[in-house]
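The listed protein sequences derive, respectively, from chains A and B. For the first sequence, counting from 1, position 294 maps to 383 in my numbering; every step adds exactly one. For the second sequence, counting from 1, position 59 maps to 298 in my numbering; every step adds exactly one. Cβ atoms here follow ideal geometry from the backbone N, Cα and C, with glycine treated the same way. Some notes on the structure that comes next.
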Amino acid sequence: MAESSVELRDVSKRHGDTRAVDRVSLVIRRGEFFAILGPSGSGKTTLLRMLAGFESPDAGDILIDGRSVRGVPPNQRPVNLVFQTYALFPHLTVAGNIAFGLEMRRLPRADIAARVEEALDMVRLQGKQDRLPAQLSGGEQQRVAVARALVNRPAVLLLDEPLGALDQQLRTDMQVELKTIQERVGLTFICVTHHQEEALTMSDRVAVMRQGRLLQVGSPRDIYEAPQSAFVANFIGRSNSLTGRIEMVSGLRCTVRAADLPAADPVVAACPAGAGIGSPATLMLRPERLHLSADVQVDGYDNMLPARVSKAIYNGSETQYLLALSDRLSWQVLIPNAGNGQKRFQPGESVFLRWRADEAVVLSE
Amino acid sequence: MNPDAVPPDRPESFRAAPVPRRSSLLLLPALAWLGLFFFVPLALMLAISFASRGTYGGVVWTLSLANYANVLDPLYVKVFLRSVLLASVTTVLCLALGFPIAYYIARLPARRQGIWLLLVMIPFWTNFLIRTYAWIFMLRTEGLMNQVLAGLGLIGSPVDVLYTEMAIVIGLVYGYLPFMILPLSAAVERLPPSLVEAAWDLYASRWAVLWRVIVPLTKPGLVAGCTLVFIPSLGAFMTPDLMGGARTMMIGNLIQHEFLVARDWPFGSAIALVLMVSVLLGLAIYLRAERAGTRLAAGG
Chain A
90 MAESSVELRD VSKRHGDTRA VDRVSLVIRR GEFFAILGPS GSGKTTLLRM
140 LAGFESPDAG DILIDGRSVR GVPPNQRPVN LVFQTYALFP HLTVAGNIAF
190 GLEMRRLPRA DIAARVEEAL DMVRLQGKQD RLPAQLSGGE QQRVAVARAL
240 VNRPAVLLLD EPLGALDQQL RTDMQVELKT IQERVGLTFI CVTHHQEEAL
290 TMSDRVAVMR QGRLLQVGSP RDIYEAPQSA FVANFIGRSN SLTGRIEMVS
340 GLRCTVRAAD LPAADPVVAA CPAGAGIGSP ATLMLRPERL HLSADVQVDG
390 YDNMLPARVS KAIYNGSETQ YLLALSDRLS WQVLIPNAGN GQKRFQPGES
440 VFLRWRADEA VVLSE
Chain B
240 MNPDAVPPDR PESFRAAPVP RRSSLLLLPA LAWLGLFFFV PLALMLAISF
290 ASRGTYGGVV WTLSLANYAN VLDPLYVKVF LRSVLLASVT TVLCLALGFP
340 IAYYIARLPA RRQGIWLLLV MIPFWTNFLI RTYAWIFMLR TEGLMNQVLA
390 GLGLIGSPVD VLYTEMAIVI GLVYGYLPFM ILPLSAAVER LPPSLVEAAW
440 DLYASRWAVL WRVIVPLTKP GLVAGCTLVF IPSLGAFMTP DLMGGARTMM
490 IGNLIQHEFL VARDWPFGSA IALVLMVSVL LGLAIYLRAE RAGTRLAAGG
């Protein structure tokens with residue numbers, strides 16, 4: 090059996106004048122929870138619809154379980170889709186919806202009943218099998234949609250913005266539940282989303298798309314800790330950036346002089362491979378990796394920059410500070426809220442920003 | 240006091256506000272019209288149907304069921320059955336022709352939908368009588384259809400379509416097709432395309448998508464379209480009169496004949512009322528079965 094569950098080879102698709110999907114190649118492993126993340130218009134939904142068979146690529150090939158699915162209609166593909174709007178049949182009961190795919194494949198009645206029962210168990214909807222979709226809450230409808238697809242035991246389960254229609258609390262619960270279900274059934278899940286938190290928490294690997302192209306593929310940790318482009322760094326989580334030129338290289342470290350900072354404040358960072366003196370560099374820094382202090386401290390941090398607090402926003406679990414580093418440069422910092430002894434900074438206060446050299450991701454363009 | 244409560248000067252006015260008494264005055268003109276021009280004549284017809292025909296065609300006020308007994312004459316029952324058959328064939332053909340058109344129109348972008356719906360309705364701008372004569376011109380022995388078929392070498396001698404039941408059906412389908420297309424396209428438009436895709440994704444063949452998803456979910460439109468075609472077809476008299484010739488009489492012709500030619504108003508009224516009551520009964524039985532079916536599906 091092939092190790093890859095889904096393989097895309099140079100897949101392209103045009104919609105009128107725009108390249109909805111532009112030469113995407115990708116291998117998705119068997120049993121993996123894979124997220125395709127991108128803003129709207131990035132081509133991720135087109136990609137999913139091509140996997141489901143509703144659209145066909147203009148160029149390239151798609152392989153599912155090692156076999157090309159070119160020209161294979163959706164009703165003959167070993168994939169099932171959980172629609173963004175759930176698309177439950179309003180005239181069928183919960184059980185009728187879940188049984189639909191099995192009935193279409195003409196399974197024996199007893200088998201259908203047993204598998205519907207099992208699917209209801211899995212999504213915790215026992216006792217609701219005779220309800221109509223309109224009599225269910227949003228979260229319950231979502232679980233029916235998942236059960237209706239999973240009951241067919243597809244080679245790949247496709248999810249189109251599965252949690253988009255749910256409110257925040259339910260969304261968080263369903264993230265965990267979907268991940269649990271996926272681990273239990275061991276099927277390949279491919280989830281399309283524009284919600285970065287969803288992608289990071291549920292998936293084994295994430296692909297970031299923009300304007301039809303694949304920007305980066307990796308584990309959530311890779312994507313967050315080592316973004317390969319400014320777009321990925323800003324789209325996944327929040328990020329502070331600093332652009333400048335490399336002034337000095339010493340071993341694995343380099344000194345960067347930023348255009349927007351006073352000349353007296355060079356910054357030390359890990360040196361990107363192949364970068365030489367004078368080459369441009371962009372530093373990306375996560376707001377939660379920065380530290381603040383009221384006075385100068387030299388305690389193992391490689392960098393220290395003076396700044397002024399322009400805003401302090403209390404978020405419950407953390408406080409978000411907006412800082413002005415110079416006239417042209419403002420950053421944000423997230424400090425977890427601790428007990429009463431914690432120093433809290435007020436707008437207008439002068440502070441010092443500190444971080445270790447290896448906390449910054451350096452992109453050299 | 241609970242701060243969330245509705246202020247006392249606005250008592251529950253947001254939901255299910257009762258219709259102010261004065262608004263019901265708006266119904267008055269329509270009610271007066273209906274009463275005067277629908278219920279009064281209907282009551283008159285009911286009364287006449289129990290009377291009998293005078294020697295010179297007048298109405299003699301006797302109370303008898305003779306007219307209703309007369310309706311059961313095999314001759315008239317045959318006309319009635321033929322009408323039901325022709326109206327049914329017309330409805331089925333309208334459905335078969337209208338559904339694909341309606342589906343196509345409903346899935347077009349809104350702007351182009353308007354153009355297509357306009358095209359469907361354009362025939363209404365011309366007098367129905369003139370359009371029927373156009374059909375006669377096309378279907379008659381030396382008409383357009385036979386000339387084209389002969390010209391193509393498909394037939395040796397002209398086929399006689401005009402003045403047959405087939406001509407009646409052609410005329411009725413032509414006349415009532417828009418009444419099928421309009422409610423159907425509205426129903427299809429309300430069907431989210433994702434449901435069709437979902438069925439297709441769940442291994443349904445094209446036929447299964449149609450029967451298991453599209454038909455059940457566009458049923459209100461199907462029922463409306465079939466009713467709008469069947470009922471007027473059943474009572475049609477102009478099309479069968481002009482295109483069916485003297486041999487094939489439909490119930491509409493019979494009623495017309497009794498009123499205008501035989502001048503037997505009481506018998507004509509009885510036939511008309513039997514027709515109306517049987518259509519209403521048919522609809523009532525259907526609706527009852529439908530409601531029971533829905534209750535069953537909902538799990539009681």
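query	result
Tell me which residues share the same chain as residue 406 (chain A) and place their Cβ nearer than 8 Å to its Cβ, disregarding the 5 neighbours each side in the sequence.	425, 426
Taking just the CA atoms, how far does residue 384 (chain B) sit from residue 131 (chain A)?	56 Å
In chain order, what residues of the same chain have a beta carbon less than 8 Å from the beta carbon of residue 139 (chain A), not counting five sequence neighbours either side?	100, 102, 110, 145, 146, 151
Beta-carbon of residue 194 (chain A) versus every beta-carbon of chain B: anything under 7 Å?	yes
What number of angstroms, rounded off, separates the C-alpha of residue 153 (chain A) from the C-alpha of residue 259 (chain A)?	32 Å
Tell me whether residue 363 (chain A), by its Cβ, gets closer than 6 Å to a heavy atom of the ligand FAD.	Judged by which ligands are present, the structure shown has none, so any question about the ligand FAD falls away.
Look at the Cβ atom of residue 184 (chain A), then the Cβ atom of residue 171 (chain A), and state whether they are nearer than 7 Å.	no
For residue 169 (chain A), which residues in chain B fall below 8 Å Cβ to Cβ?	440, 441
Under 7 Å between C-beta atoms, does residue 163 (chain A) make it to chain B?	yes
Where do the N-terminal and C-terminal ends of the alpha helix (DSSP H) with residue 186 (chain A) fall, by residue?	183 to 193
So residue 189 (chain A) contacts chain B; which residues on that side make the cut at Cβ distance below 8 Å?	438, 441, 443, 451
What's the call for residue 292 (chain B), buried or exposed, on a 16-neighbour Cβ count within 10 Å?	buried
Residues of chain A with CB closer than 8 Å to the CB of residue 431 (chain B), please, in chain order.	174, 176
Buried or exposed, going by whether 16 or more other CB atoms sit within 10 Å of the CB of residue 508 (chain B)?	buried
At a CB-CB cut-off below 8 Å, which residues of chain A make contact with residue 447 (chain B)?	193
Got a sec: is the Cβ-Cβ distance from residue 180 (chain A) to anything in chain B below 7 Å?	yes
So, with DSSP's three-state summary, where would you put residue 325 (chain A)?	coil
Can you name the residues of chain A whose CB is closer than 7 Å to the CB of residue 434 (chain B)?	176, 178
What are the start and end residues of the alpha helix (DSSP H) that includes residue 343 (chain B)?	313 to 345
Can you pull out the residues from the segment 449 to 474 of chain B whose beta carbon lies closer than 7 Å to at least one beta carbon of chain A?	452, 455, 456
By the 10 Å Cβ neighbour count, where 16 or more other Cβ atoms means buried, how is residue 283 (chain A) classified, buried or exposed?	buried
Do we get a CB-CB distance below 7 Å when we pair residue 208 (chain A) with the residues of chain B?	no
Taking a Cβ distance cut-off of 7 Å, strictly less, list which residues of the segment 137 to 157 of chain A are near chain B, in chain order.	141, 143
May I ask you to verify whether the segment 185 to 196 of chain A touches the segment 261 to 269 of chain A, counting CB pairs closer than 8 Å and requiring at least 3?	no
At a cut of 8 Å, does the segment 288 to 302 of chain B reach the segment 490 to 504 of chain B through at least three beta carbon pairs?	yes
Who are the Cβ neighbours of residue 518 (chain B) in its own chain at under 8 Å, not counting the five residues just before and after it?	470, 473
Where does residue 133 (chain A) land, buried or exposed, given buried means 16+ other C-beta within 10 angstroms?	buried
Could you tell me which uninterrupted beta strand (DSSP E) segments, each at least 3 residues in length, are contained entirely in the segment 312 to 386 of chain A, listed from first to last along the chain?	329 to 339, 342 to 347, 356 to 359, 369 to 374, 380 to 382
Taking Cβ positions, are residue 243 (chain A) and residue 167 (chain A) nearer each other than 7 Å?	yes
Using a Cβ-Cβ cut-off of 6 Å (strictly less than) and excluding sequence neighbours within five positions of residue 484 (chain B), which residues of its own chain qualify?	402
Taking all protein chains shown into account, do 16 or more other C-beta atoms lie within 10 angstroms of the C-beta of residue 267 (chain A), making it buried, or fewer, making it exposed?	buried
With a floor of 4 residues, list each alpha helix (DSSP H) that falls wholly inside the segment 240 to 280 of chain A, ordered by position along the chain.	257 to 274
Whether or not the segment 369 to 378 of chain B and the segment 450 to 461 of chain B are in contact is what I'm after, with contact meaning three or more pairs of Cβ atoms, one per stretch, closer than 8 Å; do they touch?	no
Let me check one thing: in DSSP terms, what residues is residue 200 (chain A) bridge-paired to?	In DSSP, residue 200 (chain A) forms no bridge with anything.
May I ask you to report which of helix, strand or coil DSSP gives residue 500 (chain B)?	helix
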